[in-house]
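K.L.:
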Amino acid sequence: MANQPKPAEGLSIWKDARKMIDKARKDGVETVWDRFEQQTPACKFCELGLTCKNCNMGPCRISPKKNGKMQRGVCGADGDVIVARNFGRFVAGGSAGHSDHGRDLIEVLEAIVEGDAPEYKIKGVEKLRRIARETGIKVDGRSVKEIAKDLADICFADFGSRKKALAFVSRVPEKRQEIWEKFNVVPRGIDREIAEMMHRTHMGCDNDAVSTLLHAARTALADGWGGSMIGTELSDIVFGVPAPSKSRVNLGVIREDQVNILVHGHNPVVSEMVLAAAGAPDMIARARSAGASGINIGGLCCTGNELLSRQGIPMAGNHLMTELAIVTGAVEAVVVDYQCIMPSMVQAAACYHTRFITTSDKARFTGADHISFSPKTAAAQAREIVGMAIDAFAGRDEGRVEIPDEPVDIVCGFSNEALLEMLGGSLDPLLDAVKSGAIRGFAAIVGCNNPKFQHDSQNVGLAKELIKRDILVLATGCVTTAAGKAGLLVPEGAKMAGEGLAKVCESLNIPPVLHFGSCVDNSRVIHLCGMIADALGTDISDLPVWGSSPEWYSEKAVAIGLYCVASGIPVHIGTPPHITGSKLVTDLALNGLEEVFGASFLVEPDFEKAAAAMDARISAKRLTLGLTDPAGEGIN
Ligand code: CUV
Ligand code: SF4
4 MANQPKPAEG LSIWKDARKM IDKARKDGVE TVWDRFEQQT PACKFCELGL
54 TCKNCNMGPC RISPKKNGKM QRGVCGADGD VIVARNFGRF VAGGSAGHSD
104 HGRDLIEVLE AIVEGDAPEY KIKGVEKLRR IARETGIKVD GRSVKEIAKD
154 LADICFADFG SRKKALAFVS RVPEKRQEIW EKFNVVPRGI DREIAEMMHR
204 THMGCDNDAV STLLHAARTA LADGWGGSMI GTELSDIVFG VPAPSKSRVN
254 LGVIREDQVN ILVHGHNPVV SEMVLAAAGA PDMIARARSA GASGINIGGL
304 CCTGNELLSR QGIPMAGNHL MTELAIVTGA VEAVVVDYQC IMPSMVQAAA
354 CYHTRFITTS DKARFTGADH ISFSPKTAAA QAREIVGMAI DAFAGRDEGR
404 VEIPDEPVDI VCGFSNEALL EMLGGSLDPL LDAVKSGAIR GFAAIVGCNN
454 PKFQHDSQNV GLAKELIKRD ILVLATGCVT TAAGKAGLLV PEGAKMAGEG
504 LAKVCESLNI PPVLHFGSCV DNSRVIHLCG MIADALGTDI SDLPVWGSSP
554 EWYSEKAVAI GLYCVASGIP VHIGTPPHIT GSKLVTDLAL NGLEEVFGAS
604 FLVEPDFEKA AAAMDARISA KRLTLGLTDP AGEGIN
């Protein structure tokens, strides 16, 4: 029996989303919320993590307490082992996503050096030199290309299996490195740790849940201090280091009078070229003769964040807005690379005149237009894509166009470099604010949307609660869009902050929530924590910091959570991963990791309770550091 659809108000906190959910229903477009309803209730065994399909003696599923005795799979694996194996593979999937993205940037850098990517340049020359020095490459008296070649080689080597530690492990505070050595989790090679996780979880290998989980941590660290960090640093080198700039956000950035192209996915390599092609005078002229006043590039998800951070393009929406953007009826093309792109977008696009264009051979979608993108032919291919969008404009049905809101102003483009520059070249002013208690601590709120929650309710609710408590928030991934729509990414947002934080924001002219980039840019966050710990002569786990992903959904989010924890940053998540079928694994995640890494996970679906718990720990950490915490007592 079909249920009545839930009112749109309950599904998202945003006006633009609600209007488009209603329009989707009217237009007959199925959305993520419809399918979520159809999939509910979920299979209990799967939810608990107690199903195994790792071999063909199975599939097996474990009833938690069959006759008071732990049931076993055909091979004899118990629930703890099965849960740990499933979780390990989940982390490997996430690490693979970020890291294979990082690898694509190395390939572009190498192609630039070899003259195989004529339209790409090395924009971040200063950063190239700095990173080269940091990784031991000779810089003085050498050309940019020579240096870049060596850096590409060093990064490629990090993917292999012959090193004792990844290059950027040198950025990790010494005490932290000692912990990693003690527990044998120093990440050695990015591909190696991922492959080893697949090996360990094959039938008959790592049959000890704790051992598997420690390797999961190592795999995640290979992502954070490896694949993701390479993704971030090389993107900065090729496309420039983000610096603060202004932009706008929500579906209102879609222009009724223009050819709208939305870029979606995670990697800037394609979208940077599409943006450049859309700015070419002959393309604009072509759009004009098609009856549009221009070409508008808008962002979705992290490809959007990448272009927003460096080029200031407007942001149309985050994960749960991606289908709804098409429902405006005013989008000529959605151009995607990979990750977090709902396959349903092909069907949604087919309900309108929208072209859905895939560009990565790693991410093909049946029914999409595919352009096999290569750095060698980037400019011509980007022009082809923009041309397809212009041609689609003629097919737009004015009667079905609805742009549901006015855009909101944001400031974006924070990076560690930008932060340091704003502070006058040293972290000291920031540390002074922490010492005085004006800023009580830091929280990075990261990640996704998930229809298990009212869209963005937790992302925004938590950010507001934390800034009220004088905790400076860094946002990455889909949380940035949520924070922007809530007015938290402009300096005026400091009105919603506590007194101490508001003053700091005012004196630096910064928002209380800093847009720190895309999901791979969480590497900026751990790097910053490492720098702060070094400046204070301590370990990351001693700092008054948190990570949080209230509405996470993806494998990548769990990899991020785990590399943060293994780096000493406690992490709040709104829903647990599929591990709760094992008491051992769950206890380890919530408590046991504290003994190993000095940080662990907090699962809390209610943002107010989460904020209180985060606040209490920040308070305790301040006291341990010898700092006072009057504000903490005031609020609890
Ligand atoms: Ni990774 S943050 S849905 S796109 S992983 Fe994708 Fe960035 Fe979550 Fe959003
Ligand atoms: Fe079943 Fe063991 Fe095979 Fe998993 S590995 S499917 S538990 S027999």
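Numbered according to my numbering, the sequence shown terminates at residue 639, and the numbering increases by one at each position without gaps. Backbone N, C-alpha and C fix where the C-beta goes; we use that ideal spot for every residue, glycine too. This one's a predicted model, so the numbers in the text were calculated from it and none came from an experiment.
Quick one: complete alpha helix (DSSP H) runs, 4+ long, within the stretch 78-110?
P.N.:
Taking only runs of at least 4 residues, no alpha helix (DSSP H) segment lies wholly in the stretch 78-110.
K.L.:
Is the stretch 342-350 touching the stretch 32-39, taking contact as three or more C-beta pairs under 8 Å?
P.N.:
yes
K.L.:
Here's the rule I'm using: 16 or more other beta-carbon atoms within 10 Å means buried, otherwise exposed. How should residue 253 be labelled?
P.N.:
buried
K.L.:
Within the stretch 445-496, note down every full beta strand (DSSP E) run reaching 3 residues or more, in order along the chain.
P.N.:
The qualifying runs are 474-478.
K.L.:
With residue 306 as the anchor, note down where its alpha helix (DSSP H) starts and where it stops.
P.N.:
304-314
K.L.:
Check whether the stretch 461-468 and the stretch 426-436 touch, using three or more Cβ-Cβ pairs below 8 Å as the test.
P.N.:
no
K.L.:
May I have the straight-line CA-CA distance separating residue 487 from residue 76, to the nearest angstrom?
P.N.:
Rounded to the nearest angstrom, the gap between the Cα atoms of residue 487 and residue 76 is 48 Å.
K.L.:
Just reading off the beta strand (DSSP E) that residue 267 is part of, what are its end residues?
P.N.:
It spans 262-267 - the beta strand (DSSP E) in which residue 267 sits, taken as one unbroken run.
K.L.:
Report yes if the CB atom of residue 503 is closer than 8 Å to the CB atom of residue 441, and no otherwise.
P.N.:
yes
K.L.:
What ranges does the beta strand (DSSP E) occupy inside the stretch 117-201, keeping only unbroken runs of at least 3 residues that lie completely in it?
P.N.:
none
K.L.:
Could you give the residue range of the beta strand (DSSP E) that holds residue 591?
P.N.:
Segment: none, residue 591 is in no beta strand (DSSP E) and carries neither H nor E.
K.L.:
Suppose you measure from the CA of residue 620 to the CA of residue 547; what does that come to, to the nearest Å?
P.N.:
7 Å
K.L.:
So residue 338 packs on residue 272, CB below 8 Å; how close in whole Å?
P.N.:
Beta-carbon to beta-carbon, residue 338 and residue 272 are separated by about 12 Å, too far to satisfy the 8 Å threshold.
K.L.:
DSSP three-state call for residue 638: helix, strand or coil?
P.N.:
Because residue 638 sits at a pLDDT of 46, beneath the cut-off of 50, its placement in the model cannot be relied upon, and the following sentence gives the value as read from the coordinates. If DSSP states are grouped into helix, strand and coil, residue 638 belongs with the helices.
K.L.:
Between the Cα of residue 588 and those of 632, 88, 59 and 412, spot the shortest distance and give me the residue it belongs to.
P.N.:
88
K.L.:
Let me make sure I understand the geometry here. Which of 398, 344 and 136 has the alpha-carbon closest to that of residue 262?
P.N.:
398
K.L.:
Write down the C-beta distance between residue 246 and residue 421 rounded to the nearest angstrom, noting that I regard them as a contact closer than 8 Å.
P.N.:
5 Å
K.L.:
For the stretch 36-45 against the stretch 550-560, are there 3 or more C-beta pairs whose distance is under 8 Å?
P.N.:
no
K.L.:
For residue 373, name the three-state secondary structure that DSSP assigns.
P.N.:
If DSSP states are grouped into helix, strand and coil, residue 373 belongs with the strands.
K.L.:
With the cut-off set at 8 Å, would you say residue 381 and residue 123 are in Cβ contact?
P.N.:
yes
K.L.:
Since I believe residue 480 is in contact with residue 676 (beta carbons under 8 Å), could you give me their beta-carbon distance rounded to a whole number of angstroms?
P.N.:
Residue 676 lies beyond the range of the chain shown here (4 to 639); nothing can be said about it.
K.L.:
Report the CB separation of residue 234 from residue 373 in whole angstroms; it is logged as a contact under 8 Å.
P.N.:
Wrong, their Cβ atoms sit about 24 Å apart, outside the cutoff.
K.L.:
For the structure I just gave you, are there three or more beta carbon pairs, one from the stretch 196-206 and one from the stretch 573-592, closer than 8 Å?
P.N.:
no
K.L.:
Sort 284, 280, 172 and 362 by Cα distance to residue 231 and report the nearest one.
P.N.:
Minimum Cα distance to residue 231 is reached at 172.
K.L.:
Look at the Cβ atom of residue 206, then the Cβ atom of residue 308, and state whether they are nearer than 8 Å.
P.N.:
In this structure, residue 308 does not lie closer than 8 Å to residue 206 by Cβ.
K.L.:
Helix, strand or coil, according to DSSP, for residue 258 in the structure here?
P.N.:
In this structure, residue 258 counts as coil in the three-state DSSP scheme.
K.L.:
Would you kindly work out how many angstroms separate the C-alpha atoms of residue 9 and residue 46, rounded to a whole number?
P.N.:
Each residue's alpha carbon lies about 22 Å from the other.
K.L.:
Between the Cα of residue 293 and those of 324, 390, 244 and 515, spot the shortest distance and give me the residue it belongs to.
P.N.:
390
K.L.:
Cβ of residue 150 within 8 Å of Cβ of residue 170?
P.N.:
no
K.L.:
For ligand 1, I want to know if residue 557 counts as a neighbour, meaning its beta carbon is within less than 7 Å of at least one of the ligand's heavy atoms.
P.N.:
yes
K.L.:
Classify residue 330 as helix, strand or coil using the three-state DSSP reduction.
P.N.:
helix
K.L.:
Could you spell out the range, first to last residue, of the beta strand (DSSP E) harbouring residue 391?
P.N.:
That residue, residue 391, is in no beta strand (DSSP E); its alpha helix (DSSP H) goes 381-396.
K.L.:
Taking Cβ to Cβ, would you say residue 655 is nearer than 8 Å to residue 472?
P.N.:
No answer is possible for residue 655: it lies beyond the span of the chain, which begins at 4 and ends at 639.
K.L.:
Should the stretch 320-335 be regarded as contacting the stretch 17-25, the criterion being three or more beta carbon pairs within less than 8 Å?
P.N.:
yes
K.L.:
Skipping 5 residues on each side, what residues in its chain have a beta carbon closer than 7 Å to that of residue 306?
P.N.:
Result list for residue 306: 266, 267, 268, 269, 270, 271, 274 and 340, in chain order.
K.L.:
Report yes if the C-beta distance between residue 227 and residue 544 is below 8 Å; otherwise report no.
P.N.:
no
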